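> The structure that follows is given in the form of structure tokens.
Numbering (full-length UniProt numbering), first residue to last: 1 to 321.
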């Protein structure tokens, strides 16, 4: 009698999409209802206090979430600090400008949760829920977040380059990065709408504002003045959406046809024939943008999640246990 195929061989032929489903199937909306009943309340209290005192926290946390999830999944590996023996993700060049308020928010929430329900809530779940709640707080759509992620132990800066979109990349490169993570062009455009809040440092766009015809001339002149002292003060920055910088809405998309995009990648969305139809659609219909953004965020929030023995619950979000 022929021997049955080994478990190893069976696992090999399972499609990647099925492995993703297996991870998602171990996540639940009510994951902490019994083990940490005050989970939702503690997150809400923490983000409310932080956002009130530091209004840029929402945008910063959303960016931190993207940089964590897009690389190798929503596993809180972006939060780990470097050691003398390892350069972590957060010290990769593209991540050096990630705002401290976002890291501080997760730390505060983790501290409060450890007091209420020790060694129970992952840093990855904190970041995912805090991001959703902050987006909603500043006017964006609400969406459900599955829970039960574990924190990953591996975080290396060498893994980052080429796996996160840079604002100076050609649109084809950015599309390819999202495609490699399983996101189509429409989802990429919807997620790019996150630029409706937050700001970017002058170093991200000063090379373009003097000779790039994609910019509205008056806007370019204003940017030149705003960033005039950038060589002496690298912290200078400009709001991504100059119309409603602190409100999550669709004005970001309305700005692009007018040449009011801040980054080269913003202009790329409108100038690329593959992305422009979605830019125009979201500029006309905020409800459609919110619907698609929420759906794309739900998809991103379960990308590459670690469950079971593939991860751990860290006692501190910035350090491996």
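Built from N, CA and C at the ideal position, the CB exists for glycine as well.
Keep in mind the model is a prediction, meaning the values are calculated, not measured.
#1: Out of 88, 48, 196, point me to the one whose CA is closest to residue 156's CA.
#2: Quick one: grab the DSSP three-state call for residue 238.
#3: Mind checking residue 35: buried by the 16 CB within 10 Å criterion, or exposed?
#4: Just reading off the beta strand (DSSP E) that residue 201 is part of, what are its end residues?
#5: Buried or exposed: residue 18, going by 16 or more other Cβ atoms within 10 Å of its Cβ?
#6: Does DSSP classify residue 318 as helix, strand or coil?
#7: Give the range of the alpha helix (DSSP H) segment to which residue 108 is assigned.
#8: Could you tell me the alpha carbon to alpha carbon distance between residue 22 and residue 271, rounded to whole angstroms?
#9: So, at 6 Å on beta carbons, what are the nonlocal neighbours of residue 316 in its own chain, with the 5 sequence-adjacent residues on each side left out?
#10: Does the count of Cβ pairs from the stretch 289-306 and the stretch 204-216 closer than 8 Å reach three?
#11: Out of 28, 254, 78, which one is the CA nearest neighbour of residue 285?
#12: In the DSSP assignment, find the alpha helix (DSSP H) that holds residue 297 and state where it starts and stops.
#13: CB-CB under 8 Å to residue 119, same chain, minus the five flanking residues each way: which ones, in chain order?
#14: Let me know if residue 340 comes out buried or exposed under the rule of 16 or more other beta-carbons within 10 Å of its beta-carbon.
#15: In its own chain, which residues sit with a C-beta less than 8 Å from the C-beta of residue 311, not counting the 5 before and 5 after it?
#16: With burial defined as no fewer than 16 other Cβ atoms inside 10 Å of the residue's Cβ, what is the status of residue 321: buried or exposed?
#17: For the alpha helix (DSSP H) containing residue 38, list its first residue and its last residue.
#18: With DSSP collapsed to three states, give me the class of residue 272.
#19: Can you give me the C-alpha to C-alpha distance between residue 102 and residue 60, rounded to a whole angstrom?
#20: Go to residue 195, then tell me how far its alpha helix (DSSP H) extends in each direction, as first and last residue.
#21: Compare the Cα-Cα distances from residue 40 to each of 126, 235, 257, 239 and report the closest residue.
#22: Where does the unbroken alpha helix (DSSP H) through residue 137 begin, and where does it stop?
#23: Excluding five sequence neighbours on each side, which residues of the same chain lie with their C-beta closer than 8 Å to the C-beta of residue 112?
#24: Take residue 269 as the anchor and find which of 256, 281, 260 has the nearest alpha-carbon.
#25: In terms of residue numbering, what span does the alpha helix (DSSP H) encompassing residue 171 cover?
#26: For residue 249, which residues from the same chain have a beta carbon less than 7 Å from its beta carbon, with the 5 sequence-adjacent residues on both sides left out?
#27: Could you pull the DSSP bridge partners for residue 28 from this structure?
#28: Which value, in whole angstroms, describes the spacing of the CA atoms of residue 318 and residue 217?
#29: Where does residue 290 land, buried or exposed, given buried means 16+ other C-beta within 10 angstroms?
Taking the definition as stated:
#1: As a working mapping, residue 156 is identified with position 156 in the chain shown. When only C-alpha atoms are compared, the closest one is 88.
#2: Residue numbering aside, residue 238 sits at position 238 when the chain shown is read from its first letter. Correct three-state label for residue 238: strand.
#3: Counting from 1 along the chain shown, the entry for residue 35 is found at position 35. Counting Cβ neighbours within 10 Å, residue 35 comes out exposed, since fewer than 16 surround it.
#4: In the chain shown, the residue the question calls residue 201 occupies position 201. Its beta strand (DSSP E) spans residues 199-201.
#5: Within the chain shown, residue 18 is the residue found at index 18, counting from 1. Bear in mind that a pLDDT of 40 at residue 18, under 50, signals an unreliable position, so the number given afterwards is only what the model happens to contain. It counts as exposed.
#6: Position 318 of the chain shown holds residue 318. Coil, per DSSP.
#7: Along the chain shown, one-based indexing puts residue 108 at 108. Per DSSP, residue 108 belongs to the alpha helix (DSSP H) from 100-116.
#8: Locating residue 22 in the chain shown gives position 22, counting from the first residue. Locating residue 271 in the chain shown gives position 271, counting from the first residue. Residue confidence for residue 22 is low, a pLDDT of 46 falling below 50, so the modelled location carries little weight; the figure read from the coordinates is stated next. Straight-line Cα distance between these residues: approximately 39 Å.
#9: The residue you call residue 316 lines up with position 316 of the chain shown. Excluding positions up to five away in sequence, the list is empty.
#10: no
#11: Against the chain shown, residue 285 aligns to sequence position 285. The shortest C-alpha separation from residue 285 is found at 254.
#12: Taking the chain shown and counting its residues from 1, the one referred to as residue 297 is at position 297. It spans 286-301 - the alpha helix (DSSP H) in which residue 297 sits, taken as one unbroken run.
#13: Stepping through the chain shown from its first residue, residue 119 is reached at position 119. Same-chain partners within the cutoff: 313, 315.
#14: Shown here, the chain extends from 1 to 321; a query on residue 340 therefore has no answer.
#15: For the purposes of this step, residue 311 is taken as the residue at position 311 of the chain shown. 75, 122, 124, 149, 150, 151, 152, 153, listed in sequence order.
#16: Numbered from 1 along the chain shown, position 321 holds the residue referred to as residue 321. Flag for residue 321 reads exposed.
#17: Here the question's residue 38 lines up with position 38 in the chain shown. Segment: none, residue 38 is in no alpha helix (DSSP H) and carries neither H nor E.
#18: Within the chain shown, residue 272 is the residue found at index 272, counting from 1. Note: residue 272 maps to coil in three-state DSSP.
#19: Your numbering for residue 102 matches position 102 in the chain shown. Your numbering for residue 60 matches position 60 in the chain shown. Near 5 Å, if we compare the C-alpha coordinates of residue 60 and residue 102.
#20: Taking the first residue of the chain shown as 1, we reach residue 195 at position 195. Unbroken run through residue 195: none, as it is neither H nor E.
#21: Along the chain shown, one-based indexing puts residue 40 at 40. If we check each option's Cα against that of residue 40, 126 comes out closest.
#22: Looking up residue 137 in the chain shown gives position 137. Residues 123-137.
#23: Within the chain shown, the letter at position 112 stands for residue 112. Here the set comprises 42, 45, 46.
#24: Here residue 269 refers to the residue found at position 269 when the chain shown is read from its first residue. Minimum Cα distance to residue 269 is reached at 256.
#25: To locate residue 171, count along the chain shown from 1; it is residue 171. First-last of the alpha helix (DSSP H) with residue 171: 171-180.
#26: Against the chain shown, residue 249 aligns to sequence position 249. Once the five neighbours on either side are set aside, the close Cβ partners of residue 249 are 139, 196, 286.
#27: Along the chain shown, read from residue 1 onward, the residue named residue 28 stands at position 28. According to DSSP, residue 28 bridges with 147.
#28: Position 318 of the chain shown, counted from the first residue, corresponds to residue 318. Position 217 of the chain shown, counted from the first residue, corresponds to residue 217. Taking the straight line from one Cα to the other gives about 44 Å.
#29: Within the chain shown, numbered from 1, the residue matching residue 290 stands at position 290. So residue 290 counts as buried.
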